[in-house]
Every structure is written in C-alpha cells, then in structure tokens.
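Student: One structure is given below, represented as structure tokens, and several questions about it will come after.
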Amino acid sequence: MNSRKTWAALAVAAAVTVGVPATAGTANAAPKKPAKAATAKQVAAARAAQAKAAAAAKAAAAKAAAAAKAAQAKAAAAAKAAAAKKAAEAAKAVQPVTAVGVVTAVDAAAGTVTVQAASGSKLVAGTAAVFKVSATTKVTKDDEKTTLDALAAGDKVTVNGVKSAAGLFAAHVNATSPEPVAEPEPVEDPVVDPVEDPAADPEPAEDPAEDPAPAEDPEPAV
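For the sequence shown, the numbering used here assigns the number 921 to the initial residue and increments by one for each residue that follows.
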C-alpha cells in the first residue's frame, strides 16, 4: 500500500516538472551583461590593423617614388653621358683645316679645287688636298670676290675649311694670280775684230846687205 502511494507521488511530481514552461526557468535566471570588453578589444584590433596597413601602403608608395626618382636620375645621367660622347665624337670627326700652296686643278662641274699644300695643317700639309666648294664658300682672287671657275692652275692659294668623314670642305678660298714671268732681254751679238789670215804673205823685210848710212864725225872738243 505504501509502495503504491510512493509511486503515485513520484508520478505527480514528474508531471508537474514536465508541465512547467521552459520560460519559467529562464525568467527566474539572472540576466546576462553585454560583452563590452570583447567589443572594445575587437575595435582596437581593427584600428591597429588599419593603421598597420596604412603605414605599409605609405612605405610602399615612398619606396616606389624613390625607385622612380632613382630611375629618372639614372636615365638622365645616361642621356647626358651619351650626349657628351656624341658631341666628343662629332668634335673629333670635324676638325678645322688650313692648306697653303698652289692650285693644281679646278673642276667647276664637280665643285672641287685641288691644292698642292706646301704648308698648313698637319692633316693636309705635303699632300694634294681636294676641297669641296659649295654655294656658301667664299672665293676671292687678287682681293676680289669671284667664283670657283675663275681659279686656275698655278694660282697661289690659301684654303680654310674643315675635315670630316665625308672629306674636305672649303669655307674660304683666297687665291692670288702668279707673278708674270719677265721675258729675257735680247742679247746683241758681240762685235768680233777680224783676224788676219796667218797664211797670207808677210811684208818683205829690209835687205841687211845694204850699206848703212855713214855716221857723222863728232865735233872736236874745244
């Protein structure tokens, strides 16, 4: 009998427990506080990450700018060196030249004058230098402005110009006509006295056999 009462009490208690709504236990529980500490930590971490990313981007930009500036400086230095080298080669390729000598040939059609250079620059001295004469070349002869076809072989000449890989180019040609050669004066035939012919008969000598003239007696001394 007692056993039945015990089981019945247990069954009632279990039924009551099962019938209680779940919200009842939740309502009786203590309310939870919001996780403010966790949120602040996440915000700080995010800000730190942003700052780190910004610093990295700034460093990368500065590095890229420095590299670009260095590349520009290097390119400018290379261009300057190339220009200096080109100028040096050009200066070496074009050299001033002077030839002093005598005209040996003139080709007006080809626009050249050949000079047997007795002196002047080492590049042409002692050689037959062929100068190209252009429309800008100043040509004078006997102190008068003229053209290339007025020059002639035998003229004394001084040529100033330049020498390049393409040849000799005249800037100024100053020629002088050769001095006229004086004709020798005619020589008169010398007057020669006639020479007697030794084969001619000599004049007859006096006969030594003739008596000499008598000598006069000297006067007596007083």
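Note that the Cβ used here is the ideal one computed from N, Cα and C, for glycine as well.
Three-state secondary structure (DSSP) at V1033?
Tutor: The answer is strand: DSSP assigns V1033 an E or B state.
Student: So what does E1099 bridge to, in DSSP terms?
Tutor: Per DSSP, none; premise fails for E1099.
Student: If the criterion is Cβ atoms closer than 8 Å, does the pair V1035 and A1010 meet it?
Tutor: Contact: no.
Student: Report the start-end ranges of each beta strand (DSSP E) in the segment 1063-1093 that is 3 residues or longer and not cut off at the edges.
Tutor: Within the segment 1063-1093, the complete beta strand (DSSP E) runs of at least 3 residues are 1076-1084.
Student: So, helix, strand or coil for A1025, using DSSP?
Tutor: Of the three classes helix, strand and coil, the one that applies to A1025 here is strand, per DSSP.
Student: For a quick check, are the C-beta atoms of V1022 and K1061 less than 8 Å apart?
Tutor: No. Outside cutoff.
Student: Between A1048 and A995, what straight-line distance do the alpha-carbon atoms span, to the nearest angstrom?
Tutor: Approximately 47 Å between the Cα atoms of the pair.
Student: Below 8 Å on the Cβ atoms is my guess for L1088 versus V1017; work out the distance and round it to an integer in Å.
Tutor: Indeed, because the Cβ distance is near 7 Å, the residues count as touching under 8 Å.
Student: With H, G and I counted as helix, E and B as strand and the rest as coil, what does DSSP make of A947?
Tutor: Annotation note: pLDDT 48 at A947 (below 50); position unreliable, coordinate value reported separately. In this structure, A947 counts as helix in the three-state DSSP scheme.
Student: Are there 16 or more other CB atoms within 10 angstroms of the CB of T1057, so buried, or fewer, so exposed?
Tutor: Counting Cβ neighbours within 10 Å, T1057 comes out buried, since at least 16 surround it.
Student: Just grab the DSSP bridge partners of A1199 for me.
Tutor: Residue 1199 cannot be examined here, being either before or after the span of the chain that is shown, 921 to 1142.
Student: Go ahead and label V963 buried or exposed: buried means 16 or more other beta carbons lie within 10 angstroms of its beta carbon, across all protein chains shown.
Tutor: Exposed is the call here.
Student: Nearest-angstrom Cα distance between A1085 and K989?
Tutor: Cα to Cα, A1085 sits roughly 40 Å from K989.
Student: Pull up the CB-CB distance for A1037 and V1044, whole angstroms please, since I reckon it's below 8 Å.
Tutor: At roughly 5 Å, the Cβ-Cβ gap stays under 8 Å, so A1037 and V1044 are in contact.
Student: If we ignore side chains and look at the alpha-carbon of each, how far apart do K1007 and K1052 end up?
Tutor: Strictly speaking, residue 1007 in this sequence is Ala, with Lys absent from that position. Each residue's alpha carbon lies about 24 Å from the other.
Student: Ignore the nearest five residues each way along the sequence and tell me which others in A971's own chain have a CB closer than 8 Å to its CB.
Tutor: So the list is empty, once near-sequence residues are dropped.
Student: Looking at the unbroken beta strand (DSSP E) that takes in T1060, where does it start and where does it end?
Tutor: Residues K1058 to K1061.
Student: What does DSSP give as the partner residues of V1050 in its beta bridges?
Tutor: The partner list for V1050 (beta bridge, DSSP) reads T1034.
Student: Report yes if the C-beta distance between A1025 and A991 is below 8 Å; otherwise report no.
Tutor: Against a cut-off of 8 Å, the Cβ pair of A991 and A1025 comes out as no contact.
Student: For H1092, I'd like the list of residues in its chain whose CB is within less than 6 Å of its CB, leaving aside the five on either flank, ordered along the chain.
Tutor: Correct list, in chain order: K1058 and N1080.
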